[in-house]
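A.B. asks:
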Amino acid sequence: MHVVDWRETLLHAARGPAHWPSHGAPDLQARRMREEADEMVEEEREGDDDSLDLWGALIHNAPSPRTSFVYNLRKGPLRGAIRRRHWKLVVGLGGRYDGWVPPEDVGSVGGVGHSSWTTPTTRHLPAHAPPSDTSDMVMLFNMRNDPLETTDLSGLYPEVVATLRAKLREYSRHSQHPHSPKDDPRGHPSLHGGFFSPGWCEPLV
Numbered sequence: 001m002h003v004v005d006w007r008e009t010l011l012h013a014a015r016g017p018a019h020w021p022s023h024g025a026p027d028l029q030a031r032r033m034r035e036e037a038d039e040m041v042e043e044e045r046e047g048d049d050d051s052l053d054l055w056g057a058l059i060h061n062a063p064s065p066r067t068s069f070v071y072n073l074r075k076g077p078l079r080g081a082i083r084r085r086h087w088k089l090v091v092g093l094g095g096r097y098d099g100w101v102p103p104e105d106v107g108s109v110g111g112v113g114h115s116s117w118t119t120p121t122t123r124h125l126p127a128h129a130p131p132s133d134t135s136d137m138v139m140l141f142n143m144r145n146d147p148l149e150t151t152d153l154s155g156l157y158p159e160v161v162a163t164l165r166a167k168l169r170e171y172s173r174h175s176q177h178p179h180s181p182k183d184d185p186r187g188h189p190s191l192h193g194g195f196f197s198p199g200w201c202e203p204l205v
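In UniProt numbering, the protein residues as written are 1 to 205.
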């Protein structure tokens, strides 16, 4: 499930006829609520939409309609990953933890070994800096047969690599820069009775 699927899935849950009352005044209110929900669903479904309804997969263990997924895609040189059915293509370098984490190094906090976040910060400078554009570095995995992503199949299936990379590049063209403002001391809880509050925020528009 992707975060964009929450909307369509929750709209399905809001329409669920099996949970509506079947008699008296509550029944009339329930019908009105369902009509309003149906109208909202139809409005939301107009035009192109990325959200998918996964209610059946969650409640009835039915096959998920989501067969594709995009990971960590940003503007700039192509870097990220895309999954289509059982194929997953990784493009470019992944940063500090780029590589396979063996089971013995998996901790209970953060998904990586305990020592990686308790030891002092150390900068390891490679003898040769990686290129700024790593879009030609690709790895292809068969998630059905290799869920731990240990075997790169990009050399065996170049047509799959080309198809998935073209789709990832298409998504990249339409992606938006993330809005990541700097920390603002005006938002500190000590200035708002001990609570995080949006009251100090300035509108973007």
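The beta-carbon is built from N, C-alpha and C at its ideal position, and this holds for glycine as well. All of these numbers come straight from a predicted model, not from anything done at the bench.
For Lys88, which three-state DSSP category applies?
C.D. replies: Taking the sequence shown and counting its residues from 1, the one referred to as residue 88 is at position 88. In this structure, Lys88 counts as strand in the three-state DSSP scheme.
A.B. asks: So what does Arg83 bridge to, in DSSP terms?
C.D. replies: Walking along the sequence shown from the start, residue 83 turns up at place 83. Arg83 is bridged to Phe69, Lys88.
A.B. asks: Report the CB separation of Val90 from Val138 in whole angstroms; it is logged as a contact under 8 Å.
C.D. replies: Working through the sequence shown from its first residue, we reach residue 90 at position 90. Working through the sequence shown from its first residue, we reach residue 138 at position 138. Their Cβ separation, rounded to whole angstroms, is 7 Å, which keeps Val90 and Val138 in contact under 8 Å.
A.B. asks: Assess contact between the region 79 to 93 and the region 148 to 167, defined as three or more Cβ pairs (one per stretch) separated by less than 8 Å. Is contact present?
C.D. replies: The region 79 to 93, when compared against the region 148 to 167, does touch it at the 8 Å Cβ threshold.
A.B. asks: Quick one, which of Phe141, Ala62, Leu156, Leu10 has its alpha-carbon nearest Ala81's?
C.D. replies: One-based indexing of the sequence shown puts residue 81 at position 81. Checking every option, the nearest Cα to that of Ala81 belongs to Phe141.
A.B. asks: Within this structure, are the beta carbons of Pro67 and Arg85 separated by less than 8 Å?
C.D. replies: Start at 1 with the first residue of the sequence shown, and residue 67 comes out as number 67. Start at 1 with the first residue of the sequence shown, and residue 85 comes out as number 85. It is worth fixing the name first, because residue 67 is Thr in this sequence and not Pro. Cβ distance < 8 Å, so Thr67 and Arg85 count as in contact.
A.B. asks: Out of Arg83, Ala62, Val160, Asp183, state which residue places its alpha-carbon closest to the alpha-carbon of Asn72.
C.D. replies: To locate residue 72, count along the sequence shown from 1; it is residue 72. Taking only the C-alpha atoms, the option nearest Asn72 is Arg83.
A.B. asks: Flag this pair as yes or no: are the beta carbons of Leu54 and Asp5 separated by less than 8 Å?
C.D. replies: Residue numbering aside, residue 54 sits at position 54 when the sequence shown is read from its first letter. Residue numbering aside, residue 5 sits at position 5 when the sequence shown is read from its first letter. Against a cut-off of 8 Å, the Cβ pair of Asp5 and Leu54 comes out as a contact.
A.B. asks: Have a look at His192 and Gly199 and give me their C-alpha separation to the nearest angstrom.
C.D. replies: On the sequence shown, position 192 is the one that residue 192 refers to. On the sequence shown, position 199 is the one that residue 199 refers to. Straight-line Cα distance between these residues: approximately 9 Å.
A.B. asks: Helix, strand or coil, according to DSSP, for Leu140 in the structure here?
C.D. replies: Numbered from 1 along the sequence shown, position 140 holds the residue referred to as residue 140. DSSP places Leu140 in strand when its eight states are reduced to three.
A.B. asks: Taking the alpha helix (DSSP H) that Gly76 falls in, what are its first and last residues?
C.D. replies: Translated into the one-based positions of the sequence shown, residue 76 becomes position 76. No alpha helix (DSSP H) holds Gly76; DSSP gives it neither H nor E.
A.B. asks: Does the Cβ of Val161 have 16 or more other Cβ atoms within 10 Å, making it buried, or fewer, making it exposed?
C.D. replies: Within the sequence shown, numbered from 1, the residue matching residue 161 stands at position 161. Result: buried.
A.B. asks: Which residues in the same chain have their Cβ closer than 8 Å to the Cβ of Arg186, if we skip the five residues on either side of it in sequence?
C.D. replies: As a first step, residue 186 must be located in the sequence shown, where it is residue number 186. Excluding positions up to five away in sequence, the list reads Trp200.
A.B. asks: Do you know offhand how far Asp183's Cα is from Thr9's?
C.D. replies: Here residue 183 refers to the residue found at position 183 of the sequence shown. Here residue 9 refers to the residue found at position 9 of the sequence shown. In a straight line, the C-alpha of Asp183 is about 34 Å away from that of Thr9.
A.B. asks: Classify Arg165: buried if its beta carbon has 16 or more other beta carbons within 10 angstroms, exposed otherwise.
C.D. replies: Numbered from 1 along the sequence shown, position 165 holds the residue referred to as residue 165. Buried, by the Cβ-count rule.
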